[in-house]
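Okay, structure first, notes after.
Residue numbers (my numbering), protein chains in the order written: chain B, 2 to 201; chain H, 0 to 658; chain G, 60 to 211.
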């Protein structure tokens, strides 16, 4: 058994050194990848809006809707009537405190009359919505009412505040979930608006 | 106040210094053979425990005396909080629970210092040195980013509150148990690093490590099981596991730990797999640290996660990178020098345990992949995707099914080489019986036949196979049945019981959501639920609406259940307390939803009385959950098995000191 | 497991949860009536489907388990689609068109998710290869003798 001869293969339970190096390198590469991924995660962790869902409707036609107006409930309004010019649609409700926070910002922007500003009142009893607008001011050209929330599902709306930019042909060009700030208007909404107007 | 919170800070800083001492001197001393330096390890460990324990006591005192000048106390309790929860609120949020983590770490440290006399001095010094480095990391994390003793001045008159979900006996015990388990994996980890530094693994030292691993594993099992049970009765919708990132964070070390303790057994008895064993120990503790990172860094969104802070996230990430990266580098550098073990044939217990390792490790890898995939997709710009129970459940079943099939073979197959016919012949009749049981279950299940059959069949197979092993042992004249064997038997039986519970409840559970007014009855299978109205109730810090539901089984009254909806005074948060009737073969579970006033129309589910609910109608959720208790009972058996095995006399014999 | 004071979640979730029970000045229009199912089989299919869908607003809850207002509305929508005769696949597509793939707890098998779905199999394969090499190497020298001197 101990006669000299070719070296016996290394016993099991232990791989030859070359193997260790190979396995080790693989594991180490994986480890580096993992650390890189986690580093990315930490950097992103306090970015505002990191939980916002990106909309799959960007670049697609806005869904047809047929909703009553807040101030003239006998009148109904459809998407077709808004074609021809881009418009911004802001989803809000009196039950939403964040909407109060963004209200001054969007009111300021709406007053510049840069683009048509439509309000989309979501799941709100009519009196509450009217009272809220009286209290905080009404910057909207008009307000459509979706009390049941059914049309909101077609838009992929899941809460408030949310803001859409729809172009002259009824295609959704931009969506923002959460409070709109002056920076967002300047850095995202205006450029998207300019693109939409130019592309016509 | 008798004690200033600042004292707590001072104690933690002292602990850092002591940890530094315990790390540097013994490790250096082990390199150079200086006895005096190595001897510092044990007393330093004990002193560290005293310091951290004192700091913990200071924080507890702040809570009990309701010192709202301490920010952490103000954020997590208020004057209405009952006394018992004032004690447990200490670990209710990030800073305090991190202090508890550190306390548990210091306790393990001290325990190892006390119980390592049997190890050669150099080995013990290295083990304690490595543990001290880990302690240092956590103490630094506490003091520099997560100080629980920060002041809030001027002190508010009233605090916020302890989250009402945490005001519960289950939540008192769950974190400590979980931490004792999680953190306990530092012991085999430290041992691995010490062995790698030394360049050899003596099987006798492994004999020292095994009980520590088993005990940590047992506590981790209990912690996870308790968390699952708590979610079941507290969250009100009857689920017991959600594959939520934080749950996965505790499950990954469990899977690695299960592989580890089997691998350690092989290395101790046969000298083989030393490389695997050391790597698995590094992996298990790395996964524990990764879990702590995921929960506290805000990287993943989860109902369970603590509020995030990128600076904390970076700190743990760097610590994680150093610990894992460092130990991996050490492994690749030193592992090739490890001694080999005896060769083994393709059909042998070694092969089966290797298969066990591969399956458990793949499962851990799968859970890691699924948990981090949404983050990866986001990083690579592939949008937001979700990975949830349909993925995890399916793949876990696929990976665990072969493991369950092979499990009964393991104990019956000899080391090194076994003739396949022998164990297969011993088990064949039991396999047949298990198949028959599965088929019977398939045809008699009211719903979910495949899952029910799988649960019954697999569970029966594992249980019968394990019993066959026990019989083999007891049939031999000397009837030698060590505690280690007994522990294994109990744990494997626990796996069977768990499999039965998990698969049967997923297959056969029934839930109905119906509108009911007082006097109405809904039927589900053998059970009937008669709603008898809701009244108001005042608790110590909440107002509740309490329903009364009379449950009948086979026409006979069984129990009167009281589901509640509590509104807590502090934040207005609403909690649902389900009414549960526990049973060996199934639970009855009732929760109340919203009040419907007179708006509800009559439900038309089969078996419900056709009359429309009138005034006082409520939305009710009714569940029947067969065999659900077997899940936690099985887990309890697994934990018990771990503890029993750890008590075996072979581990208490002092290993002879190597030259 | 613990619940954090979430600062990142849209405030709507907090509003919704608080508003549902406590009488407040402003509250969402909501109808808490339980859904009506035509039979037990439909209810079971609904539960299975809803468990595979994610509540789009909550932090990791399924559509079946969530109490958020949007979850109520989406459940109603899913049931309406079921009763209109759509298949599970069509219902999932409907939601994905509006909310993205985030809404599916079972990720679609596509090139973007091959690693996710086939990764564990690769791991298993790699493990099997390692085991095979260890055994084969051990047997290369000579057949392994039976060890009759084993204790347990």
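Cβ coordinates follow ideal geometry from the N, Cα and C atoms, glycine included.
For a contact defined as C-beta to C-beta under 9 Å, what are the partners of residue i on chain G?
{"i": "residue 521 (chain H)", "result": "Result: empty, since nearest Cβ-Cβ is about 11 Å, beyond 9 Å."}
DSSP state of residue i, grouped into three classes?
{"i": "residue 171 (chain B)", "result": "coil"}
{"i": "residue 83 (chain G)", "result": "Because the pLDDT of residue 83 (chain G) is 42, which lies under 50, any placement of that residue in the model is unreliable, and the question is left without a value."}
{"i": "residue 93 (chain B)", "result": "strand"}
{"i": "residue 165 (chain B)", "result": "strand"}
{"i": "residue 483 (chain H)", "result": "helix"}
{"i": "residue 148 (chain B)", "result": "coil"}
{"i": "residue 610 (chain H)", "result": "Unreliable placement is indicated for residue 610 (chain H), whose pLDDT of 42 sits below 50; the coordinate value is still reported in the next sentence. Looking at residue 610 (chain H) - three-state DSSP - the assignment turns out to be coil, as it is neither helix nor strand."}
{"i": "residue 45 (chain B)", "result": "helix"}
{"i": "residue 182 (chain B)", "result": "coil"}
{"i": "residue 555 (chain H)", "result": "strand"}
{"i": "residue 529 (chain H)", "result": "strand"}
{"i": "residue 142 (chain G)", "result": "helix"}
{"i": "residue 370 (chain H)", "result": "helix"}
{"i": "residue 561 (chain H)", "result": "coil"}
{"i": "residue 187 (chain B)", "result": "helix"}
{"i": "residue 413 (chain H)", "result": "coil"}
{"i": "residue 121 (chain G)", "result": "strand"}
Taking only beta-carbon atoms, is residue i less than 8 Å away from chain B?
{"i": "residue 184 (chain G)", "result": "no"}
{"i": "residue 95 (chain H)", "result": "no"}
{"i": "residue 111 (chain G)", "result": "no"}
{"i": "residue 88 (chain G)", "result": "yes"}
{"i": "residue 137 (chain G)", "result": "no"}
{"i": "residue 227 (chain G)", "result": "Look at the range of chain G in this structure, 60 to 211, and you will see that residue 227 (chain G) is not part of it."}
{"i": "residue 268 (chain H)", "result": "no"}
{"i": "residue 181 (chain G)", "result": "no"}
{"i": "residue 320 (chain H)", "result": "yes"}
{"i": "residue 140 (chain G)", "result": "no"}
{"i": "residue 382 (chain H)", "result": "yes"}
Can you pull the chain B residues whose beta carbon is under 7 Å from the beta carbon of residue i, in chain order?
{"i": "residue 375 (chain H)", "result": "38"}
Is the shortest distance between the beta-carbon of residue i and the beta-carbons of chain G less than 8 Å?
{"i": "residue 609 (chain H)", "result": "At residue 609 (chain H) the pLDDT is 38, less than 50, meaning the model places this residue with poor confidence; the figure from the coordinates comes in the next sentence. Output row for residue 609 (chain H): interface = no."}
{"i": "residue 159 (chain B)", "result": "yes"}
{"i": "residue 67 (chain B)", "result": "no"}
{"i": "residue 593 (chain H)", "result": "yes"}
{"i": "residue 650 (chain H)", "result": "no"}
{"i": "residue 39 (chain H)", "result": "no"}
Given that residue i touches chain H, what residues does it touch there, using C-beta distances under 7 Å?
{"i": "residue 46 (chain B)", "result": "296, 297, 298, 307, 309 and 312"}
{"i": "residue 41 (chain B)", "result": "378"}
Could you work out which residues of chain B lie near residue i, taking near to mean beta carbons separated by less than 9 Å?
{"i": "residue 331 (chain H)", "result": "21, 22, 24, 25, 26, 28 and 29"}
{"i": "residue 108 (chain G)", "result": "Ordered by position in chain B, no residue passes the 9 Å Cβ test against residue 108 (chain G), which lies about 16 Å from the chain."}
What residues of chain G sit near residue i, judged by a beta carbon separation below 7 Å?
{"i": "residue 200 (chain B)", "result": "Within chain G, no residue comes near residue 200 (chain B); the closest Cβ sits about 24 Å away, beyond 7 Å."}
{"i": "residue 238 (chain H)", "result": "124"}
Quick one: is the Cβ of residue i within less than 7 Å of any heavy atom of the ligand FAD?
{"i": "residue 123 (chain G)", "result": "The model depicted lacks the ligand FAD and carries no ligand whatsoever."}
Please confirm if residue i has its CB atom under 8 Å from at least one CB of chain H.
{"i": "residue 129 (chain G)", "result": "no"}
{"i": "residue 187 (chain G)", "result": "yes"}
{"i": "residue 32 (chain B)", "result": "yes"}
{"i": "residue 44 (chain G)", "result": "The requested residue 44 (chain G) does not occur in the structure, where chain G is confined to residues 60 to 211."}
{"i": "residue 194 (chain G)", "result": "yes"}
{"i": "residue 50 (chain B)", "result": "no"}
Can you name the residues that DSSP bridges to residue i?
{"i": "residue 78 (chain B)", "result": "B:68"}
{"i": "residue 578 (chain H)", "result": "H:589"}
List the residues of chain H whose Cβ lies closer than 8 Å to the Cβ of residue i, in chain order.
{"i": "residue 175 (chain G)", "result": "368, 369, 372, 386 and 390"}
{"i": "residue 148 (chain G)", "result": "Under the 8 Å cutoff, chain H gives no residues; its nearest Cβ is about 14 Å from residue 148 (chain G)."}
Output, in chain order, the set of chain B residues within a Cβ distance shorter than 8 Å of residue i.
{"i": "residue 679 (chain H)", "result": "Residue numbering for chain H in the displayed model covers 0 to 658; residue 679 (chain H) lies beyond these limits and cannot be assessed."}
Name the chain D residues whose beta carbon is nearer than 8 Å to that of residue i?
{"i": "residue 123 (chain B)", "result": "Annotation note: the requested chain D is absent from the structure, which comprises protein chains B, H and G."}
Residue i touches chain G at which residues, Cβ-Cβ below 8 Å?
{"i": "residue 80 (chain B)", "result": "None at all; the shortest Cβ gap to chain G is about 16 Å."}
Identify each residue in the stretch 158-173 of chain G for which the Cβ-Cβ distance to at least one residue of chain B is less than 9 Å, and report them in chain order. The stretch 158-173 of chain G vs chain B, Cβ under 9 Å: 158, 159, 160, 161 and 162.
Legend entry - the stretch 401-422 of chain H: positions lying closer than 7 Å to chain G by Cβ: Result list: 413, 414, 415 and 416.
**Study point:** Chain-ordered residues of the stretch 341-366 of chain H with a beta carbon less than 7 Å from chain G
**Key:** Under the 7 Å Cβ criterion, the stretch 341-366 of chain H contributes 342, 343, 344, 345, 350, 353, 354, 357, 360, 361, 364 and 365.
So if I threshold CB-CB distances at 8 Å, which residues from the stretch 66-97 of chain H count as touching chain B? From the stretch 66-97 of chain H, no residue has a Cβ closer than 8 Å to chain B.
| request: Residues of the stretch 89-105 of chain G with a CB closer than 8 Å to any CB of chain H: list them in chain order, please. | output: Under the 8 Å Cβ criterion, the stretch 89-105 of chain G contributes 90, 91, 92, 93, 94, 95, 96, 97, 98, 99, 102 and 103.
- Task: Compile a chain-ordered list of the residues in the stretch 113-145 of chain H whose CB is closer than 8 Å to at least one CB of chain B.
- Result: Residues passing the 8 Å Cβ filter: none.
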